[in-house]
Structures are given as C-alpha cells and as structure tokens.
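Notes follow once the structure below has been shown.
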Amino acid sequence: MDRDRPIGVFDSGVGGLSILRALRAELPREDFVYFSDAGHAPYGEKGEAFVSGRSLAIAVDLLEQHRIKGLVVACNTATAAAVHLLRAKHTQLPVVGVEPALKPAAALSKTGRVGVLATRGTLSSAKFHALLTSLRDEADFVLVPCDGLAAAIESGDEAEIRELCRRYTVEICCFGSGPGEIDTLVLGCTHYPFAAEIFQELLGPSIRLVETGEPVARQTRRLLQAQGLLNPQGGGRVEWRTTGRPEALQAAASRWLGLHGAAGDPPAHRLPLAAACTAAAPAL
Ligand code: DGL
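If you read the sequence shown in this note's numbering, its first letter stands for residue 1, the second for the next number, and so on.
Okay, here's the thing in structure tokens:
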C-alpha cells in the first residue's frame with residue numbers, strides 16, 4: 001500500500017474532530033479525509049444494525065473515493081457496533097477504534113469510583129460489557145447514557161448542551177474526593193470533549209475528565225509504523241466529506257481545529273472547506 005495516501009477518519013458528525021485534533025498533533029505530516037455522517041446522526045440511539053451498516057458503507061466509500069491507507073473509527077458507538085466487522089472485511093487495512101477510557105480513569109482515580117458518560121448504544125454493547133467486566137476489580141464504574149447530548153453538540157445548541165450536562169452530572173451522583181465519591185469522569189463519546197468546559201465548570205476543578213484522543217493517535221502511529229505506512233513528507237492536508245450540511249462541518253472545523261481556510265493559514269489548510277464537502281452521498 002502507498003504511504004502517500006490519506007488516513008480516513010469518520011464519526012456520526014463533528015465529535016470525531018476531537019480525535020482528528022489529536023491525530024494531527026501526533027502525525028502532523030499525514031493527510032486525512034474526515035467523514036461526518038451528520039445526515040444520519042446521532043448514532044447513539046439508533047441501534048447496532050443501523051450503525052454497523054453505516055460504518056461498513058462509509059469505509060467502502062473512503063476506500064473507493066480516497067484510497068485511504070488506514071481508518072480511524074472516531075466514534076465509540078460505531079467502534080462498539082462495527083470495528084470487528086470492518087477488520088474482518090478489510091483485512092489489509094489498519095483499523096483503529098475508540099472506546100471509553102475506563103482503564104486510564106481507574107488508574108487515575110483515588111477514590112476508586114469513576115463516572116462514565118456515553119451513548120446508549122455504547123453502554124449497551126457487548127464490547128463495552130467485556131471491557132467493564134475486565135476492569136471489575138480496578139474501580140466501581142457508574143454509567144449514565146446521555147440521550148440527546150451528542151445531538152445538542154452537533155447542532156451547537158448551547159442552552160440545551162448546558163442543560164443536558166447539568167442533568168446527567170446530577171444523575172451520576174455524587175462527585176467529590178471523599179470515600180465513595182466519584183473523582184474521575186470518562187467522556188465516553190467523542191462529541192463530549194467539546195462540552196468539557198461546561199462539565200468542568202459544573203463539577204469543579206478537582207474532578208478529572210478523561211478522554212481518548214491522545215491514546216488513539218498514538219495507537220494510529222504505532223499501527224502505521226508497524227506496516228511501513230507512515231508518511232514523513234506529507235502536506236498535513238485535510239479533506240472533508242459529509243452527508244449533512246457542509247457549512248456546519250466547516251464551522252465546527254474552524255471553531256475546534258482552527259481550520260478555516262483564511263488567508264495566512266499554512267497552504268495545506270487553505271482549503272475551500274464547503275466546496276470540498278460532499279453535500280449528500282446518495283449511494284451511502
Ligand atoms: N461521537 C459518537 C460516539 O463517540 C456518536 C454520538 C452519536 O452520534 O450519538 O459515540
């Protein structure tokens with residue numbers, strides 16, 4: 001396989017940008033294609049068959065349209081539903097998934113009690129249950145499915161995001177550094193890091209928030225390196241595809257990654273983002 005090819009990254013929407021941010025920091029010379037499936041978001045409340053169908057179709061699209069050399073499933077819900085299917089179908093393609101960072105959180109927690117916020121799909125999956133069972137002796141995990149939160153982050157509805165963060169942190173009860181209290185919170189959906197400031201404000205500075213971007217980026221580097229696929233001379237470009245509104249993806253990329261195509265950016269980032277987006281992908 002050609003090391004000059006881009007790495008594909010996909011999510012149900014803008015959440016995977018939190019993973020892309022870490023990937024670009026770890027692998028600054030690599031080119032990426034980011035696929036936002038916003039036309040079918042949110043995944044978290046749609047069921048496993050739907051999400052695995054979307055994931056398989058997106059992988060084929062990225063392979064056919066962009067000849068990707070590796071795939072990062074930048075979505076906990078899609079990883080739980082489909083990473084095994086993607087690996088079985090595309091045996092030559094390095095595939096990296098994301099899962100809620102329970103193990104690092106258990107290691108960080110001093111009280112031994114860890115909160116986990118994720119989508120309903122992730123928390124009800126067999127993959128997540130296997131992870132939870134494997135860490136049974138390392139901490140107590142308190143799980144709360146956050147219906148609606150990814151959708152609110154996707155639409156950028158600040159009032160709704162704040163209200164849902166408040167509701168779910170109250171539900172997860174009780175935070176603190178005393179015995180039996182939760183001192184560490186896992187953001188188990190790639191959308192939630194974009195609400196991290198609100199969570200931190202609600203919970204106070206002593207509660208640690210744990211996300212997965214950096215370990216996923218390191219794992220991507222390891223996997224590509226092992227197959228001789230790292231590109232030390234790429235341009236660090238990002239191409240954009242979406243089944244939703246290109247302007248929404250453009251606004252999120254600009255806000256969270258500083259990729260806004262303004263004059264003065266490095267040339268590789270001076271992309272006409274809206275034009276590069278596929279407004280609709282009927283075949284998918
Ligand atoms: N960002 C995704 C995740 O990590 C999916 C959120 C959703 O579409 O419900 O699970």
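No residue lacks a Cβ here, since even glycine has one placed at the ideal position from N, Cα and C.
Quick caveat, the model's predicted, so the values are computed rather than measured.
Spatial distance of residue i from residue j (CA atoms)
| i | j | result |
| --- | --- | --- |
| Pro-34 | Arg-21 | A quick correction: the sequence has Tyr, not Pro, at residue 34. Each residue's alpha carbon lies about 11 Å from the other. |
| Ser-12 | Leu-209 | 22 Å |
| Ala-38 | Thr-184 | 30 Å |
| Ser-177 | Thr-111 | 7 Å |
| Gln-65 | Ala-59 | 10 Å |
| Ala-217 | Gly-15 | 15 Å |
| Arg-113 | Pro-104 | 13 Å |
| Trp-240 | Thr-133 | 38 Å |
| Arg-87 | Val-96 | 9 Å |
| Val-170 | Gly-234 | 46 Å |
| Leu-187 | Gly-204 | 16 Å |
| Leu-259 | Thr-242 | 16 Å |
| Ala-78 | Glu-181 | 31 Å |
| Gln-227 | Lys-89 | 18 Å |
| Arg-162 | Gln-92 | 43 Å |
| Leu-143 | Ser-124 | 10 Å |
| Glu-26 | Arg-136 | 32 Å |
Any non-hydrogen atom of the ligand DGL closer than 7 Å to residue i Cβ
| i | result |
| --- | --- |
| Tyr-34 | no |
| Tyr-168 | no |
| Pro-42 | yes |
| Asp-157 | no |
| His-129 | no |
| Leu-165 | Note that residue 165 corresponds to Cys in the displayed sequence, not to Leu. No, Cβ of Cys-165 sits at least 7 Å from all heavy atoms of the ligand DGL. |
| Ala-152 | no |
| Cys-174 | no |
| Val-242 | It should be noted that the sequence gives Thr, not Val, for residue 242. Flag unset: Cβ of Thr-242 not near the ligand DGL. |
| Thr-190 | yes |
| Ser-125 | no |
| Thr-91 | no |
| Ser-12 | yes |
| Thr-122 | yes |
| Gly-15 | yes |
| Asn-231 | no |
| Thr-119 | yes |
| Thr-133 | no |
| Thr-184 | no |
Cβ neighbours of residue i in the same chain (closer than 6 Å, five flanking residues each side left out)
| i | result |
| --- | --- |
| Cys-146 | Leu-117 and Tyr-168 |
| Gly-213 | Ser-18, Ile-19 and Ala-22 |
| Gln-230 | First, the amino acid is wrong: residue 230 is Leu here, not Gln. Closer than 6 Å at Cβ, skipping near neighbours: Leu-224. |
Helix, strand or coil at residue i [DSSP, three-state]
| i | result |
| --- | --- |
| Tyr-34 | strand |
| Pro-215 | helix |
| Lys-179 | Rather than Lys, the amino acid found at residue 179 in this sequence is Pro. Pro-179: coil per DSSP, three-state reduction. |
| Asp-61 | helix |
| Pro-232 | coil |
| Thr-79 | helix |
| Thr-169 | helix |
| Val-142 | strand |
| Phe-97 | Position check: residue 97 holds Gly in this sequence, whereas Phe was assumed. The answer is coil: DSSP assigns Gly-97 none of H, G, I, E or B. |
| Thr-91 | coil |
| Gly-53 | helix |
| Gly-39 | helix |
| Ala-118 | strand |
| Thr-243 | coil |
Beta-carbon proximity check, residue i vs residue j, cutoff 8 Å
| i | j | result |
| --- | --- | --- |
| Leu-63 | Ala-253 | no |
| Gly-44 | Cys-173 | no |
| His-191 | Ala-248 | no |
| Val-9 | Ala-74 | yes |
| Thr-220 | Val-83 | no |
| Pro-94 | Asn-76 | no |
| Ile-68 | Ile-7 | yes |
| Phe-128 | Thr-122 | yes |
| Glu-211 | Pro-193 | yes |
Cut-off 8 Å between Cβ atoms - residues of its own chain near residue i, not counting five sequence neighbours on either side
| i | result |
| --- | --- |
| Gly-290 | Nothing about residue 290 can be read from this structure; the chain reaches only from 1 to 284. |
| Cys-165 | Leu-149, Ala-195, Ile-198, Phe-199 and Leu-202 |
Sequence-distant residues of its chain with Cβ nearer than 7 Å to residue i (five each side left out)
| i | result |
| --- | --- |
| Leu-85 | Ser-52 and Leu-56 |
| Ala-139 | Ala-106, Ser-109, Gly-112, Arg-113 and Val-114 |
| Leu-131 | Glu-99 and Leu-102 |
| Pro-28 | Gly-236 |
| Asp-2 | Lys-69 |
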